[in-house]
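Undergrad:
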Amino acid sequence: MIDFKRLCELLTDYFDEELESDICSEIDELVSEDFGCKVLFNTFNKTLQLCEEMEEEIEVPEEVHIRLYEFLKIEIRREEEI
Amino acid sequence: MSVSDEILVKKSQKGDYLSFEELVKRYEKKIYSLAYRIMGNKEDASDVLQETFLQAFKKLSGFKGKAKFSTWLYRIAVNICLMRKRKQKKMETVSLDVPILTKKEDEIKRELGDDWSESPLATLENKEVKKTLSEAIGLLPEEYRTVFLLRGLNGLSNEEVAKVLKISLPAVKSRLHRARLFLRDKLSQYFQGYGSGG
């Protein structure tokens, strides 16, 4: 029997699709019947969605990119000379 | 079709610098993004980026290919980040923001408050929400933040994160879950009072 506390523990597994389908169904039923569980479920899901949007890769600034290649060329040449 | 990492690694190990450059090109953005999110600023992220690829080059001859190249590379980057963080912490006399992640699942109270998930304000176009979430990620303790970033930003599986960080799979899952609950909690605090209608 899944209750609010158990739901809390299972949310990541639920949204990462790591739960058996019967447990998922039980969660779906609980969420449809219990307002507190629904709030937790929906807001957790929304948090994951917002995090996903936040997780976009950051562009490497042009000067950082140039410096990286120059640095590696110098260091690798030095390594090869040793 | 692009050449696989494995082939590029083998060529690099034989001294083909262009193959190594291709690997750099492939992972530069991912390593920079990871470093930026862990370190929190451009300067440190830039240093970590350089150091990661230099170390990778130096250690490449010893890379046996038992792990994926990306897993091996992320491990180097994470270790550099964490070492730098440790050094920075030693230099700090007073820590102003001790991250706390105390709330356990059983401590989360039943909420009868707002379901902000449907709020039109719950979008990253809302700069305050973006800032709140970004700050909350920054407040995560390092071991949680690293798992969270590797899973999300770098798209690794739980198993791969466990390999990168050399921790157990249950530890990865637990840290990820607690990190997500923490972020949800911070967003809920922000939305408290707004109501689902905005």
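Residue numbers (my numbering), protein chains in the order written: chain W, 40 to 121; chain A, 8 to 205. Note that the Cβ used here is the ideal one computed from N, Cα and C, for glycine as well.
Flag this pair as touching only if the region 136-143 of chain A and the region 84-100 of chain W have three or more C-beta atom pairs under 8 Å; answer yes or no.
TA: Touching, yes.
Undergrad: Taking just the CA atoms, how far does residue 186 of chain A sit from residue 92 of chain A?
TA: The alpha-carbon atoms of residue 92 of chain A and residue 186 of chain A are separated by roughly 19 Å.
Undergrad: Using a 10 Å radius around the Cβ and a threshold of 16 neighbouring Cβ atoms, would you call residue 46 of chain A buried or exposed?
TA: Burial call: buried.
Undergrad: Per DSSP, what kind of secondary structure is residue 48 of chain W in: helix, strand or coil?
TA: Three-state result, residue 48 of chain W: helix.
Undergrad: Let me confirm a value: residue 51 of chain W is counted as buried when at least 16 other C-beta atoms fall within 10 Å, else exposed. Which label applies?
TA: The residue in question, residue 51 of chain W, is buried, as its Cβ has 16 or more Cβ neighbours within 10 Å.
Undergrad: Which same chain residues end up closer than 6 Å to residue 144 of chain W when comparing Cβ atoms and leaving out the 5 residues on each side of it in sequence?
TA: Not covered by the structure: residue 144 of chain W. The range shown for chain W is 40 to 121.
Undergrad: Anything in the region 49-61 of chain A with a Cβ closer than 9 Å to a Cβ of chain W? List those residues in chain order, please.
TA: Of all residues in the region 49-61 of chain A, 49, 52, 53, 56, 57, 60 and 61 have a Cβ within less than 9 Å of some Cβ in chain W.
Undergrad: For residue 171 of chain A, count neighbouring Cβ atoms within 10 angstroms of its own Cβ and tell me buried if that reaches 16, exposed if not.
TA: Per the 10 Å Cβ criterion, buried.
Undergrad: Taking 8 Å as the threshold (beta carbon to beta carbon), is residue 64 of chain A in contact with chain W?
TA: Yes, residue 64 of chain A counts as interfacial toward chain W.
Undergrad: Hey, would you say residue 94 of chain W sits closer than 8 Å to residue 157 of chain A, going by beta carbons?
TA: No, Cβ-Cβ distance for residue 94 of chain W and residue 157 of chain A is not below 8 Å.
Undergrad: Once the 5 residues before and after residue 67 of chain W are set aside, which same chain residues still bring their CB inside 8 Å of it?
TA: Excluding residues within five positions, none has a Cβ falling inside 8 Å.
Undergrad: If the cut is a Cβ gap below 8 Å, which residues of chain W does residue 79 of chain A touch?
TA: By Cβ distance, chain W contributes nothing, its closest Cβ being about 18 Å from residue 79 of chain A, past 8 Å.
Undergrad: Do three or more CB pairs link the region 38-56 of chain A to the region 19-29 of chain A at distances below 8 Å?
TA: No, the region 38-56 of chain A does not touch the region 19-29 of chain A.
Undergrad: Residue 149 of chain A to residue 126 of chain A, Cα distance in whole Å?
TA: Going by the C-alpha atoms only, they are around 31 Å apart.
Undergrad: Output yes or no for whether 8 Å exceeds the beta carbon distance between residue 57 of chain A and residue 83 of chain A.
TA: Their beta carbons are not under 8 Å apart, which means residue 57 of chain A does not touch residue 83 of chain A by this criterion.
Undergrad: Buried or exposed for residue 64 of chain W, going by 16 or more other Cβ atoms inside 10 Å?
TA: So residue 64 of chain W counts as exposed.
Undergrad: Taking the straight line between their C-alpha atoms, what separation do you get for residue 100 of chain A and residue 72 of chain A?
TA: Note on residue 100 of chain A: pLDDT 45, under 50, position unreliable in the model; the coordinate value appears next. Taking the straight line joining both Cα atoms gives about 42 Å.
Undergrad: My output table needs one value for residue 127 of chain A: the three-state DSSP class, helix, strand or coil.
TA: Residue state, collapsed to three classes: coil.
Undergrad: Are the CB atoms of residue 64 of chain A and residue 115 of chain W within a distance shorter than 8 Å?
TA: Contact flag set, yes.
Undergrad: According to DSSP, is residue 52 of chain A part of a helix, a strand, or is it coil?
TA: Residue 52 of chain A: helix per DSSP, three-state reduction.
Undergrad: List, in order along the chain, the chain W residues whose C-beta lies closer than 8 Å to that of residue 35 of chain A?
TA: Ordered by position in chain W, the residues that pass the 8 Å Cβ test against residue 35 of chain A are 99, 104 and 107.
Undergrad: Keeping to the same chain, check which residues put their C-beta closer than 8 Å to that of residue 12 of chain A; ignore five residues upstream and five downstream.
TA: Around residue 12 of chain A: 30, 33, 75, 76 and 77.
Undergrad: When DSSP labels each residue in this structure, what does residue 69 of chain A get in the three-state scheme?
TA: Of the three classes helix, strand and coil, the one that applies to residue 69 of chain A here is helix, per DSSP.
Undergrad: Rounded to whole angstroms, what's the CA-CA distance from residue 97 of chain A to residue 89 of chain A? Just pull it up for me.
TA: Roughly 12 Å between the two C-alpha positions.
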